[in-house]
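Chains as they are written, first to last, in this note's numbering: chain A, 1 to 288; chain B, 1001 to 1238.
Note that beta-carbon positions come from the ideal geometry of N, C-alpha and C, so glycine has one too.
One structure is given here, and the rest of the page talks about it.
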Amino acid sequence: MSWIDAILQGTLLGGQYALFAAGLSLIFGVMRLVNIAHGDLIVLSAFIALVCVESLNLHPLLSIFIVCPIMFCFGYALQKVILNQILGKDILPVILVTFGISIIIQNVLFEIFSADSQRLLSGELDTLSLKLSDTLSIGWLPLIAFLASIAVITSLQFFFYKTKTGMVFRATSDNSEVVELMGVNRNHVFALAMGVALAVAALAAIFMGMRTNFDPSVGPARLIYAFEAVIIGGLGSLWGTLAGGIIIGVSQAIGANINPGWQVLSGHLVFLFILAIKPNGLFPKTKD
Amino acid sequence: MRTSLLSTDNLIAHYGDFQALFGINFDIQESEKIAIIGANGSGKSTFLKSITGLLKNNHESIKYNGNPIGKSNPDVIAKLGISLVPEGRQLFQSLSVEENLMMGGLSMRTGHWNLERIYELFPILKERSNQNSTELSGGQQQMVAIGRALMSNPSILLCDELSLGLAPIVIKDIYKILPKICDEGVTVVIVEQDIKQAINFSDRVYCFQEGNISLQGDSEKLTQAEIKQAYFGIEEGV
Chain A
1 MSWIDAILQG TLLGGQYALF AAGLSLIFGV MRLVNIAHGD LIVLSAFIAL VCVESLNLHP
61 LLSIFIVCPI MFCFGYALQK VILNQILGKD ILPVILVTFG ISIIIQNVLF EIFSADSQRL
121 LSGELDTLSL KLSDTLSIGW LPLIAFLASI AVITSLQFFF YKTKTGMVFR ATSDNSEVVE
181 LMGVNRNHVF ALAMGVALAV AALAAIFMGM RTNFDPSVGP ARLIYAFEAV IIGGLGSLWG
241 TLAGGIIIGV SQAIGANINP GWQVLSGHLV FLFILAIKPN GLFPKTKD
Chain B
1001 MRTSLLSTDN LIAHYGDFQA LFGINFDIQE SEKIAIIGAN GSGKSTFLKS ITGLLKNNHE
1061 SIKYNGNPIG KSNPDVIAKL GISLVPEGRQ LFQSLSVEEN LMMGGLSMRT GHWNLERIYE
1121 LFPILKERSN QNSTELSGGQ QQMVAIGRAL MSNPSILLCD ELSLGLAPIV IKDIYKILPK
1181 ICDEGVTVVI VEQDIKQAIN FSDRVYCFQE GNISLQGDSE KLTQAEIKQA YFGIEEGV
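Structure below.
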């Protein structure tokens, strides 16, 4: 039974990783931008949520309605003011600049909040669980986070394929130069994509903060899980990203079931194995 | 004196250190049909890139309705009414035929071109409207590219190498459609390597050679020998 439990818990954890990765997948899909600061932006969102929860005495889930719009605006401005200026055929300047942003965010957070671990306390929800059998139960919070990840990916999929703005995102992903010939301001589209990506990252951050402790240094680890989920799923594929997140989560849970010390390592090993046999991921969407 | 719809004055263009255009003086009046001919690498496509804002120039060197646009962005120029059918079609591969056409309408210009009119012009596209653009033949893709450009209700339609990679019979069909577009009041500029096709279609011809205009004049008045010399840079009989 412990194996079934491990797979179940791993699947729920995978939903969390998919949320980390969805924004990363979206911005890579639309503008081929590799955002090294994505993990730190998740942590920044978690700290903004912490401030909202403590100062306004809000439940963390309600802080979604404040933090997501803030991060959307932050993402829009970040892309418009900084990243659009360096986005081009050469990928290196973007990597260097987002790496710099990552360092700045970490240091600012250390300066303001210190290295102490923080948590978004959600009251009863922290411990409430759903009993599936005598020996098997799942927490409501991980279940809500998993359902949220499916809802987010379904919504993004709907947005991409059923709305006019989504159509422009897909066209921009195909050929951002020709999109401009259609009268579309490419920089505005890129900024919107970054805004949506960081709003999703903010949602991921709030669930992360409710489930685990966080401090200013945990961003790079979130980035690695997000990268692994995106690459396993296939660059630019949203459902692939969910599958990638679940594969990482289940691998970690099974590893931890064998030996608690193997949790993180087993996720990385499965990632390397899949990368070796399917270098383009399981469900590749982009050609380059 | 009439104001040109579009004109360039001593237009110079560079790719990094490489100079591709050396002072092009060009003008087009409303409802004219212009053909730009020239060999590969003569600067024809660079000229269109400059006009559409894909290559930035001296602001005053390109004027549209008398207003300078040389440094304007492509999206701004598209909204002004200059539309490009790019070389090689360059359709959006992940979009359906209808979505590709709708992308053309994003410039929000009003006019009589809409999806219905495009489907009247190219009935085959209506049958294929939900298909992915990559599933179409080269000729049908060219129709989508023309339709997409028309959806922006342009004043000027720039067509870059319409016949590139297409079978002769398909090229013939495409060139049968162009006069219908002109009849709707659209000013058309074609860039073409097929000299005969270009001369037959146009009122006036510009011939490019190594980034310069080597010949210009009324299509009917130019002799074969003049065109050959301007196109290849050689005297007839040499």
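* Asked: Rounded to a whole number of angstroms, what is the C-alpha to C-alpha distance between glutamate 1226 of chain B and serine 1214 of chain B?
  -> In the second sequence, residue 1226 of chain B corresponds to position 226, counting from 1. In the second sequence, residue 1214 of chain B corresponds to position 214, counting from 1. Those two C-alpha atoms are separated by around 10 Å.
* Asked: Are the CB atoms of isoleucine 1036 of chain B and tyrosine 1064 of chain B nearer to each other than 9 Å?
  -> Taking the second sequence and counting its residues from 1, one reaches residue 1036 of chain B at position 36. Taking the second sequence and counting its residues from 1, one reaches residue 1064 of chain B at position 64. Cβ distance not < 9 Å, so isoleucine 1036 of chain B and tyrosine 1064 of chain B don't count as in contact.
* Indicate the three-state DSSP secondary structure (helix, strand or coil) for leucine 265 of chain A in the structure shown. => Position 265 of the first sequence, counted from the start, is the residue given in the question as residue 265 of chain A. For leucine 265 of chain A, the secondary structure class from DSSP, reduced to helix, strand or coil, is helix.
* To do: Note down, one range per segment and in chain order, each alpha helix (DSSP H) of at least 4 residues found wholly within the stretch 173-246 of chain A.
  => Those alpha helix (DSSP H) runs which fall completely within the stretch 173-246 of chain A and span 4+ residues are 176-181, 186-211, 219-233.
* Whole angstroms is fine: what's the gap from glutamine 1216 of chain B's alpha carbon to glutamine 1229 of chain B's? => The residue given as residue 1216 of chain B occupies position 216 in the second sequence. The residue given as residue 1229 of chain B occupies position 229 in the second sequence. Each residue's Cα considered, the two are about 12 Å apart.
* Got a sec: is the Cβ-Cβ distance from phenylalanine 1018 of chain B to anything in chain A below 9 Å? -> For the purposes of this step, residue 1018 of chain B is taken as the residue at position 18 of the second sequence. Answer no: the Cβ-Cβ gap between phenylalanine 1018 of chain B and chain A never drops below 9 Å.
* Apart from the five residues just before and just after serine 137 of chain A, which ones in its own chain have a Cβ nearer than 8 Å to its Cβ? -> Indexing the first sequence from 1 puts residue 137 of chain A at position 137. Closer than 8 Å at Cβ, skipping near neighbours: Ser129, Leu130, Lys131.
* Please compile the residues from chain A whose C-beta is within a distance smaller than 7 Å of the C-beta of glutamine 1093 of chain B. => In the second sequence, residue 1093 of chain B corresponds to position 93, counting from 1. Per Cβ cutoff of 7 Å: Asp174.
* **Members of the stretch 1103-1115 of chain B that neighbour chain A once the beta carbon cut-off is set at 9 Å** => Within the stretch 1103-1115 of chain B, the qualifying residues are Met1103, Gly1104, Gly1105, Leu1106, Ser1107, Met1108, Arg1109.
* Asked: What does DSSP give as the partner residues of tyrosine 1206 of chain B in its beta bridges?
  -> Residue mapping note: residue 1206 of chain B aligns to position 206 of the second sequence, counting from 1. Beta-bridge pairing links tyrosine 1206 of chain B to B:Ile1036, B:Gln1216.
* To do: Might you give, ordered along the chain, the residues of its own chain that have their beta carbon closer than 7 Å to the beta carbon of isoleucine 27 of chain A, omitting 5 neighbours on each side?
  => Position 27 of the first sequence, counting from 1, holds the residue named residue 27 of chain A. Leu33, Asn35, Ala193, Met194, Ala197, listed in sequence order.
* Simplified DSSP assignment, three categories, for aspartate 40 of chain A -> One-based indexing of the first sequence puts residue 40 of chain A at position 40. Look at aspartate 40 of chain A here: in three-state DSSP terms it is helix.
* To do: Have a look at lysine 287 of chain A and glutamate 1087 of chain B and give me their C-alpha separation to the nearest angstrom.
  => Your numbering for residue 287 of chain A matches position 287 in the first sequence. Your numbering for residue 1087 of chain B matches position 87 in the second sequence. Because lysine 287 of chain A carries a pLDDT of 47, less than 50, the predicted location of this residue cannot be relied on, and the following value inherits that uncertainty. For the pair lysine 287 of chain A and glutamate 1087 of chain B, the Cα-to-Cα distance works out to about 21 Å.
* Asked: How would you list, in chain order, the residues of chain A whose beta-carbon sits under 7 Å from the beta-carbon of leucine 1079 of chain B?
  -> On the second sequence, position 79 is the one that residue 1079 of chain B refers to. The sequence given here has lysine at residue 1079 of chain B, not leucine. Here the neighbours are Gly183.
* To do: Please compile the residues from chain B whose C-beta is within a distance smaller than 7 Å of the C-beta of alanine 171 of chain A.
  => Numbered from 1 along the first sequence, position 171 holds the residue referred to as residue 171 of chain A. At a beta-carbon threshold of 7 Å, the residues of chain B lying near alanine 171 of chain A are Phe1092, Leu1095, Met1103, ordered along the chain.
* **Candidates A:Ile70, A:Asn187, A:Ile104, of which the one nearest lysine 80 of chain A by Cα** => For the purposes of this step, residue 80 of chain A is identified with residue 80 of the first sequence, where counting begins at 1. Of A:Ile70, A:Asn187, A:Ile104, the residue nearest in Cα terms is A:Asn187.
* **Euclidean distance between Cα positions of leucine 1166 of chain B and aspartate 1194 of chain B** => On the second sequence, position 166 is the one that residue 1166 of chain B refers to. On the second sequence, position 194 is the one that residue 1194 of chain B refers to. When rounded, the distance between both Cα atoms is 12 Å.
* Leaving out five residues before and five after serine 1202 of chain B in sequence, what residues of the same chain have Cβ atoms less than 8 Å from its Cβ? -> Translated into positions along the second sequence, residue 1202 of chain B becomes position 202. Within its own chain, the residues whose Cβ lies closer than 8 Å to the Cβ of serine 1202 of chain B, once the five positions on either side in sequence are excluded, are Lys1033, Ile1034, Ala1035, Ile1190, Ser1219, listed in chain order.
* Selection from A:Asn57, A:Gly244, A:Phe283, A:Val152 that minimises the alpha carbon distance to cysteine 68 of chain A -> The residue labelled residue 68 of chain A in the question sits at position 68 within the first sequence. The option with the nearest alpha carbon to cysteine 68 of chain A is A:Val152.
* **Residues near phenylalanine 1022 of chain B in its chain [Cβ-Cβ closer than 7 Å; skip 5 each side]** => One-based indexing of the second sequence puts residue 1022 of chain B at position 22. The residues are Ile1012, Gly1211, Asn1212.
* **Cutoff 6 Å; reference isoleucine 274 of chain A; Cβ partners in own chain excluding five residues on either side** => Taking the first sequence and counting its residues from 1, one reaches residue 274 of chain A at position 274. The beta carbon of isoleucine 274 of chain A is closer than 6 Å to those of Ile232 in its chain, skipping five residues each way along the sequence.
* Can you list the residues of chain A that asparagine 1073 of chain B reaches, using a CB-CB cut of under 8 Å? -> Taking the second sequence and counting its residues from 1, one reaches residue 1073 of chain B at position 73. Below the 8 Å Cβ cutoff, chain A contributes Glu180, Asn185 as neighbours of asparagine 1073 of chain B, in chain order.
* Touching or not, the stretch 198-211 of chain A and the stretch 40-56 of chain A, by the rule of three or more beta carbon pairs under 8 Å? -> With a cut-off of 8 Å on Cβ pairs, the stretch 198-211 of chain A is in contact with the stretch 40-56 of chain A, counting three or more such pairs.
* To do: Assuming isoleucine 247 of chain A contacts glycine 14 of chain A (C-beta within less than 8 Å), just tell me the rounded distance between them.
  => The residue given as residue 247 of chain A occupies position 247 in the first sequence. The residue given as residue 14 of chain A occupies position 14 in the first sequence. Going by Cβ atoms, the distance from isoleucine 247 of chain A to glycine 14 of chain A rounds to 7 Å, so yes, they are a contact pair.
* Asked: Is the stretch 1130-1139 of chain B close to the stretch 1147-1163 of chain B, with three or more CB pairs under 8 Å?
  -> Too few Cβ pairs lie closer than 8 Å, so no.
* Under 8 Å by beta carbon: chain A residues contacting proline 1086 of chain B -> In the second sequence, counting from the first residue as 1, residue 1086 of chain B sits at position 86. Residues of chain A with a Cβ closer than 8 Å to the Cβ of proline 1086 of chain B are, in chain order, Val178, Leu181.
* Asked: Starting from glutamine 1224 of chain B and walking both ways along the alpha helix (DSSP H), at which residues does that stretch end?
  -> On the second sequence, position 224 is the one that residue 1224 of chain B refers to. 1224-1232 is the extent of the alpha helix (DSSP H) around glutamine 1224 of chain B.
* Note down, in chain order, every chain B residue with its Cβ under 8 Å from the Cβ of methionine 167 of chain A. => Walking along the first sequence from the start, residue 167 of chain A turns up at place 167. Chain B residues near methionine 167 of chain A: Leu1095, Glu1099, Met1102, Met1103.
* Give the straight-line distance between the Cα atoms of serine 133 of chain A and asparagine 57 of chain A, rounded to the nearest whole angstrom. => The residue labelled residue 133 of chain A in the question sits at position 133 within the first sequence. The residue labelled residue 57 of chain A in the question sits at position 57 within the first sequence. When rounded, the distance between both Cα atoms is 36 Å.
* Please confirm if the stretch 1101-1112 of chain B is in contact with the stretch 1149-1158 of chain B, defined as three or more CB-CB distances below 8 Å between the two stretches. => Short answer: they touch.
* Thinking C-alpha only, which one of A:Asp116, A:Phe113, A:Pro142 is nearest threonine 127 of chain A? -> As a working mapping, residue 127 of chain A is identified with position 127 in the first sequence. For the residues A:Asp116, A:Phe113, A:Pro142, the minimum Cα distance to threonine 127 of chain A belongs to A:Pro142.
* Quick one: any contact between the stretch 1136-1151 of chain B and the stretch 1167-1184 of chain B, if contact means 3 or more CB pairs under 8 Å? -> For the pair of segments examined, the stretch 1136-1151 of chain B was found to touch the stretch 1167-1184 of chain B: the number of CB pairs separated by less than 8 Å reaches three.
* Specify, as a first and last residue, the run of the alpha helix (DSSP H) that threonine 1008 of chain B falls within. => Numbered from its first residue, the second sequence carries residue 1008 of chain B at position 8. If you look at threonine 1008 of chain B, you'll find it isn't in any alpha helix (DSSP H); it sits in the beta strand (DSSP E) that goes 1006-1015.
* Taking Cβ to Cβ, would you say serine 251 of chain A is nearer than 9 Å to phenylalanine 110 of chain A? -> For the purposes of this step, residue 251 of chain A is taken as residue 251 along the first sequence, with counting starting at 1. For the purposes of this step, residue 110 of chain A is taken as residue 110 along the first sequence, with counting starting at 1. For the 9 Å CB-CB criterion, serine 251 of chain A and phenylalanine 110 of chain A do not form a contact.
* What is the DSSP secondary structure of leucine 8 of chain A, counted as helix, strand or coil? -> For the purposes of this step, residue 8 of chain A is identified with residue 8 of the first sequence, where counting begins at 1. Leucine 8 of chain A falls in the helix class under three-state DSSP.
* Around the C-beta of phenylalanine 283 of chain A, are 16 or more other C-beta atoms found within 10 angstroms, so that it is buried, or is it exposed? -> By 1-based counting over the first sequence, the position of residue 283 of chain A is 283. Per the 10 Å Cβ criterion, buried.
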